Amino acid sequence: MPTANAFAAQSATSPLGPMSIQRREPTATDVVIDILYCGVCHSDLHFARNEWGMTQYPVVPGHEILGRVVKVGSKVTKFKVGDLAAVGCMVDSCRSCANCKQGLEQFCAGCVFSYNGPDKHSGGMTFGGYSTSVVCDESFTLKVPANLDPAKAAPLLCAGVTTYSPLRHWKVGKGQKVGIVGLGGLGHMGVKFAHAMGAHTVLFTTSPGKAADAKRLGADEVIISKDENQMKQHAGSFDFILDTVSADHDLNAYLATLKLDGTMCMVGVPPNPQPVHAFSLIMPRKNLAGSLIGGIAETQEMMDFCGKHNIACDIELIKMQQINEAYERMLKSDVKYRFVIDIASLKS
Ligand code: NAP
Ligand code: ZN
Ligand code: ZN
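Taking my numbering, the leading residue of the sequence shown gets 45, the next gets one more, and so forth.
Right, dumping it as structure tokens:
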């Protein structure tokens with residue numbers, strides 16, 4: 045079996061370091077991808093440090109994977125050698141349950157995530173994109189619009205679809221006031237998409253220094269969420285809020301800014317439960333919801349939307365060897381606005 049260079053965490057407290065992993069020989073429907081870029085999602089950090097209590101070690105994170113096809117199985121029709129191709133958060137699902145049939149593979153009980161998921165091929169766990177190659181069934185492999193810079197397109201595979209999907213599901217558009225909470229990897233894509241969909245887009249941030257960037261990215265207004273007066277000025281005014289925050293924070297303060305029948309959707313997953321007062325939802329009638337990435341067809345729809353509207357991520361390119369430092373900066377909200385690993389640094 046072919047080997048690949050990778051970076052892995054061996055325990056919740058050890059920094060990520062080099063590890064050699066096995067990739068399978070392609071089956072008839074597989075695509076072998078030589079990885080060029082992999083985005084760094086805050087979920088990678090939650091997983092590497094077992095913050096959600098479900099990590100199996102060693103874990104090779106990375107689910108914003110983009111590269112070039114170097115080999116295809118005999119039955120592959122969507123890709124040929126030399127094509128750009130991408131893999132997001134999922135590599136397989138049962139393909140026959142009600143959720144799979146609706147294109148909601150992320151909610152399939154048999155969904156196999158790109159890392160730390162049960163790998164039916166190896167019998168072990170899946171390994172993600174902090175590696176030099178990946179093998180994926182073509183049905184779970186995405187096409188990359190030719191006009192996008194590949195390094196800036198990689199984070200679309202998670203940060204992009206995770207924000208695009210709820211904005212589409214709750215039909216965000218013209219005439220609506222939409223809030224995005226947190227200007228990190230997900231949040232900056234939320235701002236771009238909400239703006240592109242025509243909504244009056246407002247960023248809630250804890251970082252006053254990000255206000256100018258938020259406006260450049262498409263926000264019409266910026267609210268410093270630590271400033272109670274600013275929060276009060278927007279009480280009862282939002283149609284929809286997308287919460288991308290990775291750390292503990294007071295949901296009630298944001299719920300207070302929703303209007304009647306408004307919805308706040310959680311995509312960020314703080315390690316601890318966040319208390320919600322019933323009054324935050326019943327005065328007046330409000331919805332608190334959640335959303336997980338997006339299905340494969342919707343991920344492709346989002347990629348094509350980005351190609352059409354020339355939307356990509358604002359990134360800081362790093363070497364694989366800088367990953368532990370990047371995690372520390374992510375914890376300080378010091379990311380503009382997604383770290384992307386140049387996988388060339390892992391090849392030498
Ligand atoms: P990120 O780049 O680190 O961004 C998180 C942002 O949250 C920060 O930049 C910061 O923005 C804000 N923030 C941090 N601490 C805060 C606090 N104490 N109070 C309020 N705001 C705070 O992370 P990410 O990669 O975008 O991921 C965000 C979260 O989404 C993570 O929990 C991740 O696991 C989760 N996620 C979920 C899905 C899904 O399918 N549901 C998919 C991917 C990721 P400001 O500086 O602007 O305040
Ligand atoms: Zn992610
Ligand atoms: Zn299924």
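Here a beta-carbon is modelled for each residue, glycine too, at the ideal position from N, C-alpha and C. As the structure is a computational prediction, the values presented were derived from the model and not from experiment.
Distances between the C-beta of S87 and the heavy atoms of ligand 2 include at least one below 7 Å. Assignment of Q220 by DSSP, reduced to helix, strand and coil, places it in the coil class.
Under the 10 Å beta carbon count, D271 is surrounded by fewer than 16 other beta carbons and is classified as exposed. Under the three-state reduction of DSSP, P70 is assigned to coil, being neither helix nor strand. H232 is classed as buried because its beta carbon has at least 16 other beta carbons within 10 Å across all chains shown. Of the candidates Q54, P189, V313 and R67, the residue whose Cα lies closest to the Cα of K115 is R67. For C202, the Cβ falls inside the 7 Å cut-off from some heavy atom of ligand 2.
Annotation for D292 indicates a beta carbon within 7 Å of some heavy atom of ligand 1. In this structure, G172 has its beta carbon at no less than 7 Å from each heavy atom of ligand 3. For G262, same chain residues with a beta-carbon under 8 Å away, outside a window of 5 residues either side, are V235, K236, A238, H239, A240 and T245 in chain order. Comparing alpha carbon positions, the residue from S392, I385 and S389 closest to C85 is I385. CA-to-CA, the gap between R260 and M45 works out to about 47 Å.
Take the alpha-carbon of G61 and the one of N316: they are about 27 Å apart. Just measuring C-alpha positions, the residue of K124, L201 and V188 sitting nearest F157 is L201. Going by beta carbons, L230 and T301 fall outside the 8 Å limit.
Approximately 7 Å separates the beta-carbon atoms of S175 and N49; this is inside 8 Å, confirming the contact. Distances from the CB of M374 to the heavy atoms of ligand 1 include at least one below 7 Å. Here R112 has I77, D78, L80, G126, D127, L128 and A129 as same chain residues with Cβ atoms under 8 Å from its own Cβ, once five neighbours each way along the sequence are excluded. For H244, the beta-bridge partners assigned by DSSP are K221. Between F123 and P105 the beta-carbon gap is near 24 Å, outside 8 Å, which marks them as no contact.
Of the residues A297, V179 and K380, the one whose Cα lies closest to the Cα of I109 is V179.
At a threshold of 7 Å, C133 counts as near ligand 2, since its beta carbon sits closer than that to one of the ligand's heavy atoms. With a cut-off of 7 Å, the C-beta of G338 is classified as distant from ligand 3, since no heavy atom of the ligand falls inside that distance. For L227, the distance from the CB to the nearest heavy atom of ligand 1 is below 7 Å.
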